[in-house]
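Below you'll find the structure, written out as structure tokens, and then a few comments.
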Amino acid sequence: MWLLLLFTGPILGAPYNQPKLCANASWNSTAVTFANSTAVGTTPYGIFVNSNNTVYVADRLNSRIQVWLNGNTTLTRTISGGLSLPYSLFVTDNGDIYVDNANTNQRIDKWGSNSNSSVPAMYVCAQCYGVFVDINNMLYCSMYASHKIISQSLNNSVNIWNLVAGTGTAAKTPPTLYNPRGIFVDNNLNLYVADSTNDRIQIFPSGQLNGTTISTGTIIINNPTAVVLDADGYVFIVDSSNHRLIGSNANGFRCIAACSGQGSQSYQLSNPLTLSFDSYGNIFVTDQTNSRIQKFLLITNSCNGTTTNTTITSINTTQSVPLVTNSTTASSSKPLSYNLLKFATNTSWSANGITFVDSTVTGAFIYTVFIDTNNTIYVCEWIAARIQVWHEGDTAPTRNISGGLSLPYTMFVALNGDVYVDNGLSNSRVDKWTTNSTVSVPAMNVKAACWGLFLDIMNNLYCSIAATDQVVVKSMTTNSDMWRVAAGSDCAVPTTNTLSSPRGIYVDTDLNLYVCDCGHNRIQLFLSGQLIGQTVAGTGATGTIDLACPTGITLDADGNLFIVDYSNQRIVASGPNGYRCLIGCIGTAAATSNQLSNPTFVTFDTYGNLYVADDWNSRVQKFLIINTFTSVTVNQPNFCPSTTWYTAGITITNSSTVGTRPYGVFVGINNAIYVTDQDHDRVVMWSEGSINPNKIFSGGLNDPYAVFVIPNNDLYVDNGISYSRVDKWSSNSNTSTPALTVPQECYGLFIDTSNVIYCASTAANKVVKRWLNDNVTTSSIIAGTGTAGATATTLNRPVGIFIDTQFNLYVADSANNRIQMFPLNVFTAVTIVGATAPGTITLNTPYGITLDANGYLFITDYNNNRIIGSGPYGYRCLFGCTSVAGSASTQLHFPSSLSFDTYGNLFVADYYNGRILKFILTSNSCSLSYNQPTFCSNSSWYSNGSTFASSSTIGSLPYGIFIDGINTVYVANRVNNTIPVWPQWSSTPTRYISGNLNRSYSIFVSINGDVYVDNGYTNGRIDKFTFNTSNVITVMNVSGSCYGLFIDSINNLYCSLKDFHQVVKLLLNNGTTIPTIAAGNGSAGSLSNMLNSPQGIYVDSSLNLYIADSANNRIQFVQTGQLNGVTIAGNGSSTSIILNYPTGIVLDANGYLFIVDSYNHRIVASSSSGFRCLVGCSGGGSTSSQLSYPQSMAFDSYGNIYVTDRNNSRVQQFTLQSNSCGKFVCV
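Going by full-length UniProt numbering, 247 is the number at position 247 of the sequence shown; the sequence numbering is gapless.
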């Protein structure tokens, strides 16, 4: 017995057993039944015995794997879960189990050692009748129904197959197989295949696709189903339909078990399928029809009378045919042989092509044109079977590549000038002409014609084989004939895995593969190393474009697709705004200059001109690149956070000119004004500066709503109510043409920078669009479903629309009282204003919408009779802010649309008032957070003030006031230690700023909305309340109350310390809260370096400091960088004004002083004519024309004066009465 145990053992490194068998090895003819149908079900298939003699059997009909551990005869484990009729299995030396699961799941699954769950290991497209893992960790699958063997490396997650044997077509030739079953790979990576229906065993040497039939001598095999090798490379075969096992030795083949024919006796088999050796040389067989596992014991194994123990060492040879891949992203900076161009968003091409070459030079049918980076043009001529070459500037070809070609479809030129040409139709190969060579060499063997060729940056050559519905790839850096399947498979699940007659292909610099899947009318993207595709255009890619047999594809530098839409006779492209037609957009085949007939290929020269292989017209067409539009199509002024407009509009036209229903107003980039006059079915136009209309657009219109004019002055106007279209008047034309077919009238129109027109089809509850560069007028839906609704995908009476520079679509969803934003190519919107958008503003039927250069919204709030705008401080009302309809210059009645001119003035169609109002820009400072109006020398204010706020809101004895650039008012309430805040037009505060404040005197608001508050009385600090947050931080430590606060243009914060006779300052955000002295030496006095109870302060744009030096009855001017002041008003100055305890000071835009002369109970100001009293000029008191110890003042953007009237415990507003500088308005 010990001799028997010594003879054999597992080969080192292999998980299976390859016994060392002698020439006289024999097995007991009577087998032992190891397992019956109770354990392995009926018709078991796969079996595997590992080096520890653990037996694994595929119980196919019960969809499980049965396991007997380490020679045990009692079943010890069952593996199941997610399996469907498994055929075969393989167990690696680390205990991982690979199981065929392709019946319904199209994959091989892996159970890790001792794991109870599986993971996919390899996707396949037919059941694996054989599974094997070689010494290089390559997993093989024998696809019976697909007549081929594939492999995939287990060392990475890339799901790309190697095709290692068979072509996919059933046949009996060296490269073909017919229903392959069992497989075995030896240590030299030679592949053995049980080619069952061909009744043969094929061996494929490593890296070769042509097999050799192993001779079995006089033994005739019938339907072999399994093959294994022993330690010496002798072959053992399951001869299934002969119901026996045969094996070879030095004397040839012989029957070794079940040699008496079919049956169910212990010495017989019935349709056996697989076999496996244990470590002792015993043979385990799946006896299929008998539904049992039979074990034939080795009884003789004597080599020259001596039983030997031989150890075989595995030789780990390296696979010789790697596909060149790169696990990291391939650099796009690598040189390319073709032109990869970056186009502007608005790039377009001439609609009429120039014929570069036709059939008089090329013969019939031109399938491919290729242009390299030197603008050398290569044309593939199908009937003429040649490639002709033109160098840049040549009018005739300078090179002819031919010889041995037969009906070539396509070609590709490498960076070094090598030309790869399809020669697969008759010759089953791709040929290569090296640079300047006149003869070719085979580069790749293929099964049929390549309709697409591409050489990627790693020198892998791809061939798109329409006849086999696959794209294959082969490295050009090896001499192997082997290629891999890069895309397309034999199974239909998932559908993205399959191709139907693939044609043009493109591989980007990240090694992602794009395929024109002609038969499926789509473009498939296979990410680098993946066989599962994703549809990026055409059928199955919602929101893209309908394609009909796409045949050619190229990309630009931004990854936009340019597609030859073969059966639609056109070229289409993607871009930031979706897909559009570029060339041949009529959609019918013809030979005119703007039409194509079954085009096949598209490419670019270095200038961006587009070349098309117009196959059935037998010509190459060149379409010149053009740009037709500027970066914007509407005026989008750049507004600052504090921008304001005059609240009283100027009527620029009324019902006498534009009828009683002027709905649409549009101001072009040349400031021409266009108004839709619905009463008279026309559009009225004024050139910039004109008082009377310059042009009338009419004829064929009925009740037009919206109008839009592009920068070249083409005018588009809604004509949908009766005619279901948008009409176009070309620049300087007197007649119109239909531009767009629409379902209903367009309350809103917009044309973006890529020349796409949008219509808000209000009654149809959707927004539609169309690219204007094609010749069709039909539209496609871009937003809304056509059914009224309030979900993220539906609209209810959309009106105004706007497309920003990123091609996001904004829609005034009027009946839903909201503004919806649809990101590019997304049909689900985000509500950004109105209903369900917290923190914005309440809308009531929004109509018009526009954006400024910073993306802030301006909206006509139709039923609220007002215009609102947004900015960094949120939403605010701009005009008509009482919400009461009226016809005064400050009122609106159902405003419908709005538009800016280039100066920032706003034009509003005041629909029910039958007029167009112009609201003039007042201020637009981006550096100041406060208002600094421009006043004329004779400006005046009404002497009677109105009480803006009383003691009930601001407490007694108010001091500080601040008005920001958007006219938000802040007042320090020193009684309840809060800062009440009034937005523009509000009569009551809408919020209160608080937080451990104590008797705050002064306030300052920065340009970004942060509020700085004096908190020095008991807390010795200045606090900052950060905009739109609850954050409060200390920014400066001070020794007492700050009676004045100011932040200059370089972010210095100033505090006037009245009780310490100083002004101090601190550069904000510099890491400290300790200020330095800006003025005053700390002692009360009237010298130039001294102050006495300073209060109000102001810093001009030159960083000069102005101080209300209260107890010295003067205004001090401290030049930047100095500590000594100069008296510029009051006691000690050259002016005539006598001040009595001045407490506040501000400057206008011209640098004139406005002073709160507190103990004289008045406001005084300087001008070119000297000082004068403005308000409170009759002495102290409590009437509307009087003040009592006023403390501080501020301007709003309209020049109105707000004063904290301390002893009257109120804030008074004095309205600007006149501001006329001669005949011009100066504000």
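Just so it is clear, CB atoms sit at the ideal spot from N, CA and C, and this is done for glycine as well.
_Close-in-space but distant-in-sequence residues of the same chain around S1166 (CB under 6 Å, 5 per side omitted)_ = Locating residue 1166 in the sequence shown gives position 1166, counting from the first residue. Correct list, in chain order: Y1152 and L1153.
_Taking its Cβ as the centre, do 16 or more other Cβ atoms sit within 10 Å of H391, making it buried, or is it exposed?_
Position 391 of the sequence shown, counted from the first residue, corresponds to residue 391. Per the 10 Å Cβ criterion, exposed.
*Let me know the secondary structure DSSP gives K447 once reduced to three states.*
Residue mapping note: residue 447 aligns to position 447 of the sequence shown, counting from 1. If DSSP states are grouped into helix, strand and coil, K447 belongs with coil.
*Count the other C-beta atoms from every protein chain shown that fall within 10 angstroms of the C-beta of N1113, then say buried if there are 16 or more, exposed otherwise.*
As a first step, residue 1113 must be located in the sequence shown, where it is residue number 1113. With 16 or more Cβ atoms within 10 Å of its Cβ, N1113 is classed as buried.
_Rounded to the nearest angstrom, what separates F132 and R522 at their Cα positions?_
Reading the sequence shown from its first residue, position 132 is the one you call residue 132. Reading the sequence shown from its first residue, position 522 is the one you call residue 522. Cα to Cα, the separation comes out at about 36 Å.
*asked:* Which same chain residues end up closer than 7 Å to T434 when comparing Cβ atoms and leaving out the 5 residues on each side of it in sequence?
replied: Looking up residue 434 in the sequence shown gives position 434. Taken in chain order, the residues that qualify are D418.
*Segment limits, beta strand (DSSP E) that includes S1192*: On the sequence shown, position 1192 is the one that residue 1192 refers to. Taken as a continuous stretch (DSSP letters only), the beta strand (DSSP E) holding S1192 covers P1190 to F1195.
*With contact counted as at least three CB pairs below 8 Å, one residue from each stretch, are the region 139 to 156 and the region 119 to 128 in contact?*
yes
*asked:* When you compare the region 575 to 587 with the region 762 to 777, are there three or more beta-carbon pairs, one atom per stretch, that lie closer than 8 Å?
replied: yes
*Do the region 585 to 596 and the region 844 to 863 meet, that is, are 3 or more Cβ pairs less than 8 Å apart?*
no
*Nearest-angstrom Cα separation, counted from V767 out to residue 1228*: Residue 1228 is absent from the structure shown; the chain starts at 1 and stops at 1227.
*Return the CA-CA distance between residue 1228 and L89, expressed in angstroms with no decimal places.*
There is no way to answer for residue 1228, as the model of the chain reaches only from 1 to 1227.
*Beta-carbon separation (whole angstroms), L1091 vs D1109, contact threshold 8 Å*: Here residue 1091 is taken as the residue at index 1091 of the sequence shown, counted from 1. Here residue 1109 is taken as the residue at index 1109 of the sequence shown, counted from 1. Indeed they touch by this definition, with Cβ atoms about 5 Å apart.
_Euclidean distance between Cα positions of W451 and T225_ = In the sequence shown, the residue the question calls residue 451 occupies position 451. In the sequence shown, the residue the question calls residue 225 occupies position 225. Distance between the alpha carbons of W451 and T225 is about 37 Å.
*Cβ-Cβ distance between D100 and Y87 below 8 Å*: One-based indexing of the sequence shown puts residue 100 at position 100. One-based indexing of the sequence shown puts residue 87 at position 87. Yes, Cβ-Cβ distance for D100 and Y87 is below 8 Å.
*C926, buried or exposed, once every other Cβ within 10 Å from all chains shown has been counted against 16*: Counting from 1 along the sequence shown, the entry for residue 926 is found at position 926. C926 is exposed by the Cβ-count criterion.
*Closest to G1009 by CA distance: which of T1018, R999, T988 and N1031 is it?*
On the sequence shown, residue 1009 is found 1009 positions in, with the first residue counted as 1. G1009 has its Cα closest to that of N1031, out of T1018, R999, T988 and N1031.
*Can you give me the Cβ contacts of R1021 inside the same chain, cut-off strictly under 7 Å, excluding the 5 residues immediately before and after it?*
In the sequence shown, counting from the first residue as 1, residue 1021 sits at position 1021. So the qualifying residues of the chain are N1015, T1034, M1036, N1037 and V1038.
_Three-state secondary structure assigned by DSSP to D199_ = Residue 199 sits at position 199 when you count from the first residue of the sequence shown. Looking at D199 - three-state DSSP - the assignment turns out to be coil, as it is neither helix nor strand.
_Can you tell me whether P798 is buried or exposed? The criterion is at least 16 other CB atoms within 10 Å of its CB, across all chains shown._
Taking the first residue of the sequence shown as 1, we reach residue 798 at position 798. Classification for P798: buried.
*asked:* Am I right that I220 and I237 are in contact with their C-beta atoms under 8 Å? What's the rounded C-beta distance?
replied: Residue numbering aside, residue 220 sits at position 220 when the sequence shown is read from its first letter. Residue numbering aside, residue 237 sits at position 237 when the sequence shown is read from its first letter. Not really, about 12 Å apart at Cβ, beyond 8 Å.
_Beta-carbon contacts of P19 that lie in its chain and below 7 Å, excluding the five residues immediately before and after_ = Stepping through the sequence shown from its first residue, residue 19 is reached at position 19. Here the set comprises T8, D230, A231, F277 and G281.
*Sort G839, H680, S1209 and I401 by Cα distance to T438 and report the nearest one.*
Stepping through the sequence shown from its first residue, residue 438 is reached at position 438. Of the candidates G839, H680, S1209 and I401, the one whose C-alpha sits nearest the C-alpha of T438 is I401.
*Is R974 helix, strand or coil by DSSP?*
To locate residue 974, count along the sequence shown from 1; it is residue 974. The answer is coil: DSSP assigns R974 none of H, G, I, E or B.
*Since S1218 contacts S987 with CB under 8 Å, what's their CB separation in whole angstroms?*
On the sequence shown, position 1218 is the one that residue 1218 refers to. On the sequence shown, position 987 is the one that residue 987 refers to. 26 Å between Cβ atoms; not a contact.
*What separation, rounded to the nearest whole angstrom, lies between the Cα atoms of L547 and G540?*
Within the sequence shown, the letter at position 547 stands for residue 547. Within the sequence shown, the letter at position 540 stands for residue 540. Between L547 and G540, the C-alpha separation is close to 11 Å.
*With I801 and G748 assumed to form a contact (beta carbons below 8 Å), what rounded beta-carbon distance in angstroms separates them?*
For this step, residue 801 is matched to residue 801 along the sequence shown. For this step, residue 748 is matched to residue 748 along the sequence shown. About 4 Å separates the two Cβ atoms, so the contact holds.
*Short check: CB of P599 to CB of I571, under 8 Å?*
The residue labelled residue 599 in the question sits at position 599 within the sequence shown. The residue labelled residue 571 in the question sits at position 571 within the sequence shown. Yes. Within cutoff.
*Leaving out five residues on either side along the sequence, give the residues of the same chain with a beta carbon under 6 Å from the beta carbon of L1066.*
Within the sequence shown, numbered from 1, the residue matching residue 1066 stands at position 1066. Result list for L1066: M1036, L1053 and P1075, in chain order.
*Neighbourhood of S946 by C-beta, 6 Å cutoff - its chain only, sequence neighbours within 5 removed*: The residue given as residue 946 occupies position 946 in the sequence shown. Within the same chain, S946 has close Cβ partners Q1213.
*asked:* Tell me which residues share the same chain as A414 and place their Cβ nearer than 6 Å to its Cβ, disregarding the 5 neighbours each side in the sequence.
replied: One-based indexing of the sequence shown puts residue 414 at position 414. For A414, where only same-chain residues beyond five positions count, the Cβ hits under 6 Å are S337 and L455.
*For L69, which of helix, strand or coil comes out of DSSP?*
Within the sequence shown, the letter at position 69 stands for residue 69. Three-state result, L69: helix.
*Where N712 and T794 are concerned, what is the direct C-alpha to C-alpha distance, given to the nearest angstrom?*
Taking the first residue of the sequence shown as position 1, residue 712 is located at position 712. Taking the first residue of the sequence shown as position 1, residue 794 is located at position 794. Distance between the alpha carbons of N712 and T794: 34 Å.
*Residue range of the unbroken beta strand (DSSP E) whose run includes Y723*: For the purposes of this step, residue 723 is taken as residue 723 along the sequence shown, with counting starting at 1. Premise fails: Y723 lies in the alpha helix (DSSP H), G720 to Y723, not in any beta strand (DSSP E).
*In angstroms with no decimal places, state the Cα-to-Cα distance between Q534 and Q470.*
Translated into the one-based positions of the sequence shown, residue 534 becomes position 534. Translated into the one-based positions of the sequence shown, residue 470 becomes position 470. Whole-angstrom Cα-Cα distance: 15 Å.
_Counting C-beta neighbours from all protein chains within 10 Å, is the total for A364 16 or more, i.e. buried, or is it exposed?_
Locating residue 364 in the sequence shown gives position 364, where the first residue counts as 1. The residue is exposed, with fewer than 16 neighbouring Cβ atoms inside 10 Å.
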